[in-house]
Structure formats: C-alpha cells, structure tokens
Amino acid sequence: MTQKPKKVDIIFSPYSVAPYQILKDTMKRSKEEVIAELVSSGLRGRGGAGFPTGMKWKFATEQKGSVKYVICNADEGEPGTFKDRKLLMSVPRKVISGMAICAWVTGSTEGFIYLRREYKYLVNDLQKEIDIFKQHSKEVGLNFNLQIFLGAGAYVCGEETALIESMEGKRGEPRNKPPYPIQDGFLGKPTVVNNVETFASASMVCRIGATEYKKFGTADQRGSKLFSISGDSPKEGVFELELGMSVEAFANEFGDGDTKAVQVGGVAGFCVPRKDFAKAIIGDGNTTGGSTMIFNSSRSMYRVLHNYLDFYAEESCGQCTPCRIGCQQLLKGIEAVKKGEKPAEYLDQLLKLSESMRLTSKCGLGQSVTNSFSSIVTNFREEMIF
Amino acid sequence: MANNITLTIDGHQVTVDHGTSILDAAKKINIKIPTLCHHEDLCVAGNCRICVVEQVGKQTLTASCATPADNGMIILTSSPKIRRARKDIMALLVSEHNTQCTTCYRSTNCELQILSAEYNVDNSIYMSVLKDGDCKIDKASWSVEKDNSKCIRCQRCVRTCAEIQHVNALAVTERGKDMKISTFMHLPMNEIVCTNCGQCITHCPTGALTERRYYDEIWAAIDDPKKHVIINTAPAVRVALGEMLGYPVGTRVTGKMVTALKQMGFNSVLDTDFTADLTIIEEGTELLGRLKDALVHKKQVSLPMITSCSPGWIKFIEHMYPEHLGHLSSCKSPQQMFGALAKTYYAEKMGIDPASIVSVAAMPCAAKKFEANRPEMRDSGFQDIDAGLTTRELGYMIKQSGLNFQDLENNSFDTIMGESTGAAVIFGATGGVMEAALRTAYFLITGRNVPFENLNIMPVRGLEGIKAASIKFEKCLPEYSFLEGVEAKVAIAHGLKNARVIMDQIVAGTSPYHFVEVMACPGGCIGGGGQPIPTTNEIRQKRIDATYAEDMGKPIRMSHENPEVAQIYAEYLKVPLGEKSHHLLHTKYRKRNRY
Chain U
1 MTQKPKKVDI
11 IFSPYSVAPY
21 QILKDTMKRS
31 KEEVIAELVS
41 SGLRGRGGAG
51 FPTGMKWKFA
61 TEQKGSVKYV
71 ICNADEGEPG
81 TFKDRKLLMS
91 VPRKVISGMA
101 ICAWVTGSTE
111 GFIYLRREYK
121 YLVNDLQKEI
131 DIFKQHSKEV
141 GLNFNLQIFL
151 GAGAYVCGEE
161 TALIESMEGK
171 RGEPRNKPPY
181 PIQDGFLGKP
191 TVVNNVETFA
201 SASMVCRIGA
211 TEYKKFGTAD
221 QRGSKLFSIS
231 GDSPKEGVFE
241 LELGMSVEAF
251 ANEFGDGDTK
261 AVQVGGVAGF
271 CVPRKDFAKA
281 IIGDGNTTGG
291 STMIFNSSRS
301 MYRVLHNYLD
311 FYAEESCGQC
321 TPCRIGCQQL
331 LKGIEAVKKG
341 EKPAEYLDQL
351 LKLSESMRLT
361 SKCGLGQSVT
371 NSFSSIVTNF
381 REEMIF
Chain D
1 MANNITLTID
11 GHQVTVDHGT
21 SILDAAKKIN
31 IKIPTLCHHE
41 DLCVAGNCRI
51 CVVEQVGKQT
61 LTASCATPAD
71 NGMIILTSSP
81 KIRRARKDIM
91 ALLVSEHNTQ
101 CTTCYRSTNC
111 ELQILSAEYN
121 VDNSIYMSVL
131 KDGDCKIDKA
141 SWSVEKDNSK
151 CIRCQRCVRT
161 CAEIQHVNAL
171 AVTERGKDMK
181 ISTFMHLPMN
191 EIVCTNCGQC
201 ITHCPTGALT
211 ERRYYDEIWA
221 AIDDPKKHVI
231 INTAPAVRVA
241 LGEMLGYPVG
251 TRVTGKMVTA
261 LKQMGFNSVL
271 DTDFTADLTI
281 IEEGTELLGR
291 LKDALVHKKQ
301 VSLPMITSCS
311 PGWIKFIEHM
321 YPEHLGHLSS
331 CKSPQQMFGA
341 LAKTYYAEKM
351 GIDPASIVSV
361 AAMPCAAKKF
371 EANRPEMRDS
381 GFQDIDAGLT
391 TRELGYMIKQ
401 SGLNFQDLEN
411 NSFDTIMGES
421 TGAAVIFGAT
431 GGVMEAALRT
441 AYFLITGRNV
451 PFENLNIMPV
461 RGLEGIKAAS
471 IKFEKCLPEY
481 SFLEGVEAKV
491 AIAHGLKNAR
501 VIMDQIVAGT
511 SPYHFVEVMA
521 CPGGCIGGGG
531 QPIPTTNEIR
541 QKRIDATYAE
551 DMGKPIRMSH
561 ENPEVAQIYA
571 EYLKVPLGEK
581 SHHLLHTKYR
591 KRNRY
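Quick look at the structure:
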C-alpha cells in the first residue's frame, strides 16, 4: 500500500498579519544567521537545476564590488508548468519578500522580475504589490529598487545566462560557463538569479525557520514543492506537495486510474512508464521544476515525443551544433522510423546521438533532450516503430 | 598574474597564465584539439562544440576553447567518449551542409572538409536537414557571395564584422532549426551597410562566404583575339600568392607571377605600384596644399587629411561618417588611377583602341571589385577597370592554366606603367602609404632624405591597431618655408574598428593629426579580404616582413624617383593636381545611409 502524497500548506499559506513582516523581522537578525538558516534548511532552487539556494546567496555575499543584481526568473516556459503564474497571482508578496531578503543579505540595490511576455496581464497587479513593497522598504531603510522586465517569449531565456543576455538587449543565447552569473552576470556584475518559487520558499524558511521547514521532504529534497499537474487527470492544477513521494503514489492520487506514463519535470525531464512507478521518486535527479504530465492508455507516446522534439527544434537558440542539428535529427529520425523509411535500429543510433547531445551541448536545453527522448524511446519502443 | 595555473592534460603537467583556455594550454604541449568556431582574431564563441574534452569529475564534456584552465584540472583530450562525440558533431554539421565538395571554391581549403575527412564522416550517417531556402546563393553584391547552404553557423563572420570592423553587416537571425546568419531584414548583400572588405570571407571556415568570382570572364577575354587584356598586380599580391601555390607563408613570388601571367596570355603584365607612386605624388601635393591653405592662407581646411586607397574604408566612412567626407584625399586608389590611365595614356602611347582593352586588376581585396564597378570610375570614357581579381582567384587561374609555377623563371613587368619603387611596394603593409608619403614629402620639403636609417621609418610599422608618429620639418626649402619648425603629426589605423576611433576623435574635434592612413583590413592589404586563407597575425607579420624585404631589394625606394612617374608628368599629366590629374586621378565621394 503506497502512501498518499502529502499536501502541504506553506507557500500558499495566508500572509502574515502585517505586510512585509517577514522582511522586517528577518532584517533584525544578522545576515550570517539568515544565510546559515537557508543553508541548513536544505532549500534547493525550484527552477529545475536544484542548486542549493543558501550556497548561492552565500557566494553572492562573498563577491566584491558594490553593484549586484537580484533577478527573479519568472520566464516560466517549461511545457506543463504554470505554478509560478499561480504564485505570482495569489502570493506575490512572498516572492518579493524573498527577493528583498536576498538583496539585503547580498548587498544588492537593484532587482528585476523577468516576467515571460505571455504573463503580461499580471503586470498591473504585480506593480501594485511592488508599490506597496516600496513603502515598507523605505520604512526599514532597505534600498532595493525592484522593476518588472518583460521577456520576449523564448523558451531558452529561462536559462539564466540567456535570460541575462536578453535583459542586456542581445539575442537570448546561453553563455559559456564559467563564469557563472554569481561572478559575472547582468552587465558583468554579480547576479543572483532564482526561480519565483525559490524566492517564495526562501521567505517562508525565514518565517517558519529551517528546523520546521526541514520536517518536510526527504534528506535529499527538503521542504514542499509546487506541482503543476496536467494531462489525463481529473484534478489538474497547482498543488503544494511534500517532496519524496513515488510516482505510483502520485499517479494513484492524480491519475484517472488508467495512467500509462508520467512525465516528470517537463519536456526536459523524464518519462516514467507504469512498470517503474513504484521505484521512481519524484524529485530525484534534481528535476524539481514541478511540471508533471499524466498520460493514460489512449495516448500515443510517439505523438508525445514528436510533440516534444518539435518543440525543441523550434526553441533551441540554434547557436550550438548538437542542440540545433541534433534536435532536428531526432525529430526527422523518429518520423522516418515510423514511416518505415529507416529501420528500427536507427532508433539505437538516435539514442547514441541524444547521448552525444547530453555530453556536448552548451546549456541545459540541449543536454536535457536526451532525458525525455531516451526514456520514451527505451520504454515505448514498439510505439515508435508500429 | 603570471604562470599561476597548473593542470594535467593527457597525463602531462602544464603551467599556464591565468585565463588561458584549455585549448591553448594543450597547444603549449603540442596537443592539437580540433576547432571550427574558434579563430585567434576573435572572441570566444564555444558554439561548434568540436573542441570538447573530458574534464575528470564532470558529467558532461567541456568545450576547451571556452573554458579557462584551472588549478588541479585533469583533462583528457582523447578518449572513446570524446571521439564518439566529435564524430557525431561532425556528422551533424555535414548533415546540415550542402556537400558540393567537387565544385566548391573552398575545396581543399575548407576546415569542415578537412575535419570530416579526419573523422571519416560523410552525409550518410544522418539524414540531410539542409533547407531549400538556404540553397539560394546571394550574388547581389559585386564583392561578396553568400551561400547559406555551406554555412556551419560558427558565427566567425558575425564576430569578424562586429569586432574587427564595427560594421555588423552580418548577424544571427531566427532561432532553433531556422537559425542562420543573415543581414538586416534579410536584405541582399548589396543593399545593406557592408563595406565589401571581405574579412568575413577570410574568417569563414567553409565556402559559405566567398568573393564574387570573375575568372571565367577573364579567360573569355584572353581567348578573344580582338581584346587587348592587361593586368596590374597590387603589391600585397606578390607576397601572398605563393601561399596558393605551395610556398611557405612570406615567400615573394613577384618574378614567377609575372612569367605566369604572360604565359597565361595577358597581353601586358603591369604593376599597380606605378600608380601607387603616382598616388604619393598626387596625394602628397594635395596634403601640402591643405597645409599651406591652413598655415599661410588661414583657410578652413579639413585636417587631418585621410588616405583613400582602401575601398572598404571609403564605403565605411561614406556610411558611418557621411558628414566628414571632406577629410578624405580626393585621390583615387592606385587601382582606379591605373584603370583610368590604362584606357587613356597607355592606349595612346601603345596605339591601341581603348574600347578593345580589357583591364584587369589583381588585388588582395574584395572591396576592389565593388570599387571597379562604382559609377564614378568611368573617367576614361569606359569602365576604367573591367574586373578585379583576388589573390585567391589569381592562384586558381594559375592552377587552371596548368603551369608548373615553381619551375617558372623570373621575369620583370612590362612597360609602360610597369615601373615601381620600394615606396610603392610597402603600400601593401599597414603604415606603408604613410612611410612612402613621408619619404617623398620630407624630401620635397627639405631637399633631404628622411632622417631614418636606410629610409626605414620604423615608428609607422607594425601590427599595433593605431600607430601615431610625428616628424619635424627643419631647414625647409624656400617654397616650403611655411612648414619651418612644424611638427607633422600622423597616425595609422588598420581594421575599421580602429578607423572608428580616429573618426570619433575628428567628430569630437580632438584629433591632433595632420595626416592619417586608414586601411580597412587588419595588417593593411597584406591581410586583405582577397588574400589566401587563413590569415592570422603570425601570417600577417610574415607577409609584412616579405613586403619590407622586397622594398629593401629595390634600387629605387622613393616614389618621386620613379622614372615612369617623371615621364608621365612630362608627357601627359604635366603637373600634380593639374587638369588631367583632376579628371583622371581624382574622384568624389557620396553620402550613404547608416542603415
């Protein structure tokens, strides 16, 4: 008997009584203490890469120079995710609090919310909240100028260095790393880029304390996480769940009883087939983006994969060889196998190609194509061929 | 921070400066890592990914060109994982490529072809993803042809145009599978702000960017008995042509080149150096006139005066600084002076109908093709220069002719208009026009030779981007007494990025110079867009060394001593800046848009 996923109420819990009380309380503590609290909480970035948030902020404080930036990555573009939108609509104060705490800790005076263009309708309400924040930050003497920056709609700009390039007015193309944004980010200055949910979670760590926060989740994955649930589910939507559940528990709770596969972590994540439901833990391998798509037995996994690859071939920035051409080859390749123009063995060559793409692509986009590709082709091979 | 990084590459310890890439660290111990998007002239891109290496402890492979060496790094440059990955990358690039290697202009000089042979990759591994739309070659420009179907998207051209030339004619457009290198609004190459300098061509690893080729037309003219086909060869061609024909970089092949051209059927093989010397006389007189106007007549004149030999530079200033064209010398480039004289003076002297003359110019340059086709350049009553060839095209023509170049004997240029001096030869190197001008100007003003050992004005030589120097005129001849004690300030800029610095000073009113030499290409003409590929700083330096060696070997080394120049003034032009000169040797410039 598998455990049911545990619903949690941290991120979406009601605001504290007075606006920006978390920020005001936090600023009464020492900066070192706040960073230690975050490190101890085990909070990891909620955008997908899962870098420990406390460490990132610690590195930022250690950077020399008086100009530093804090950027909230609200370029929520991973297919199947919509949790950041919900967050910004219902509890934007928590996100802004997190950013303000980050600014205070790291010594930054400029911040941006990089909002994906498709969320333009959020701008008015968000700006109202920023105006409220400004009054309160003045009260506590925090000099942090926060602005909204609208993206131009490229998926790859969710990658933090591409996001920075696009903010600088250039093509949204990922940079070579190192240097990392924390050393050499927006306009060449140290820059903290975190996901919307990460900032909200960080402010909640400050509110409830690391000890309380750590009670949720597993040793590897602390706390709660927002999941965007879509696909063949009778109750799709955004849910805050404790980390560490199996796909089986998840599918039992959210599936329609006929679940064939669950795509964990968006198209950049893995596709888990029913036979692996019991052993697969959501959140393993740092795929904490939160997009979960449920497919039932009526779905053609060939169509699913075709859709993903079509998306990748369009959304690659195109600068590096493996991602630009590799995505096209994978797409063309599965089409050819399906039509019988290439033998089934061609799939094995494509699997090797996807491995080369993982090894050699410049950024996470090209590197992660292999996740969905190999998990679908390996587990649903017959659907690719017949 | 010197020598402070130690890492291990393939089991060898290597110590390098902070900031050195893994690629360069490997080079230091003679380990060659393949590259495509990397070019030493340009900033790091890290986008072709062929240079990946294994960094022990890392899950993915590392682009060695884009990753700085770090202490304690353990790097493998050859392993099954790397070989497989590199082979896949080559196979992908080939699958996007229009593999027309049998007819491709860059065949045997193509970095993609060489690497795909090394990795034993052909276009059977993956399916072709070549787009139909990419196969339409843009032949609209007189100078540069763009073939997207051969493009590997390494962005070397984009970086060249932005970083070296500050022109940004080429840019990355679209995204994902449709990503390509294109122009503003995808306009054809003749409608954009392009200087035709051809640096994109010499930095292109494949046949995606090439010069527009004219050799078939020239063969047709040679084969036509009714045509009198003459060719003038620029000074920078003779120090680089050898590279096309199997000689080491920096070999001078002047004499063999002349023989080859004669055997190929050119009726007369002449020297652009002749008009380079003429340029010095005309341009020098113009400068002295401007100085006199400024110092004696207290007139408002445009100073500094800037040289006008480089057609890429001319188009640059016409686009970028249209309000400041008055600073340009009105002198045509040596090529165009030659063209105008070939169908007038030469035709008269030789008794040939100018209508039957086909005048060809062999140049280190792509922009010269555009220049030859400017509507201003028809002062002889005909198109002054019928076709401009690059050094590369000339090399191919010699190969096509079946001559065994290395066994040819040396020959000298025909007359008339074949005599040259060392001063004209050094036009090919950055600072050369300035040096030639100073040699003659100093002599004309003071009656003495420039106060430098062997006439070698070292301060104006070298590969530094902007060079400044000054020379003081003392004990001037009576007619130049207005220059007594004047310290002439000069500057030399090569690469349009550096030209922009000079121009911005002029715009700001802070330019301290009297005379400025600008060449569009880094290193001057020896590094021109029509020169053999590759061109790097090491190669530029070798061609420059060969140029100065050629100068030292010349019996006459000052333009005003060229006997044919004296003769043409006596017989035809009468005086510098005279009526005939104005008509044939000088030109006007036009304002162009910045977009």
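These protein sequences, in sequence, are chains U and D.
Per the numbering used here, the first sequence runs over residues 1 to 386.
Per the numbering used here, the second sequence runs over residues 1 to 595.
Think of the CB as a built atom: it goes at the ideal place given N, C-alpha and C, for glycine as much as any other residue.
Cβ of residue i within 8 Å of any chain U Cβ
i             : result
residue 46/D  : yes
residue 417/D : no
residue 179/D : yes
residue 153/D : yes
residue 185/D : no
Where residue i meets chain D, residues with beta-carbon distance less than 8 Å
i             : result
residue 171/U : 172
residue 362/U : 46, 47, 49, 63
residue 336/U : 127
Contact list for residue i against chain D, beta-carbon separation under 9 Å
i             : result
residue 396/U : No information on residue 396/U is available, as it lies outside the stretch 1 to 386 that chain U covers here.
residue 98/U  : Chain D residues near residue 98/U: none, gap ~30 Å exceeds 9 Å.
residue 316/U : 175, 176, 177, 179
C-beta neighbour in chain D for residue i, strict 8 Å
i             : result
residue 353/U : yes
residue 154/U : yes
residue 280/U : no
residue 64/U  : no
Partners in chain U for residue i, counting only beta-carbon separations shorter than 9 Å
i             : result
residue 206/D : In chain order: nothing, as chain U lies at least about 13 Å away.
CB contact flag (residue i, residue j, <8 Å)
i             : j             : result
residue 425/D : residue 547/D : yes
residue 525/D : residue 276/D : no
residue 97/U  : residue 22/U  : yes
residue 329/D : residue 376/D : no
residue 121/D : residue 85/D  : no
residue 212/D : residue 144/D : yes
residue 531/D : residue 240/D : yes
residue 157/D : residue 200/D : yes
Assigned secondary structure, residue i (DSSP; H/G/I helix, E/B strand, else coil)
i             : result
residue 351/U : helix
residue 230/U : strand
residue 184/U : coil
residue 336/D : helix
residue 24/D  : helix
residue 29/D  : coil
residue 392/D : helix
residue 383/D : coil
residue 37/D  : coil
residue 61/D  : coil
residue 408/D : coil
residue 9/D   : strand
Per-residue contacts from residue i into chain U (C-beta, under 8 Å)
i             : result
residue 68/D  : 178
residue 129/D : 325, 328, 329, 332
residue 81/D  : 359
Contacts that residue i makes with chain D (C-beta to C-beta distance below 7 Å)
i             : result
residue 358/U : 60
residue 313/U : 176, 177
Listed by chain order, chain U residues near residue i by CB distance under 7 Å
i             : result
residue 126/D : 329
Next item on the list: Quick one: which residues of the segment 84-95 of chain D get their C-beta closer than 7 Å to a C-beta of chain U? List them in chain order.
Entry: Taking 7 Å as the Cβ-Cβ cut-off against chain U, the residues of the segment 84-95 of chain D that qualify are 84, 85, 88, 89, 92, 93, 95.
Margin query: Under 9 Å, CB to CB, which of the residues in the segment 319-333 of chain U have a partner in chain D?
Written below: When CB distances to chain D are screened at a threshold of 9 Å, the residues of the segment 319-333 of chain U falling below it are 319, 320, 321, 322, 323, 324, 325, 326, 327, 328, 329, 331, 332, 333, in chain order.
Note to self: What are the residues in the segment 47-66 of chain D lying within 8 Å of chain U by C-beta distance?
What the structure shows: So the list reads 47, 48, 49, 50, 52, 60, 61, 63, 66, given in the order they occur along the chain.
Item checked: Short-range partners of chain D found in the segment 364-380 of chain U, where Cβ spacing is below 8 Å -> Under the 8 Å Cβ criterion, the segment 364-380 of chain U contributes 367.
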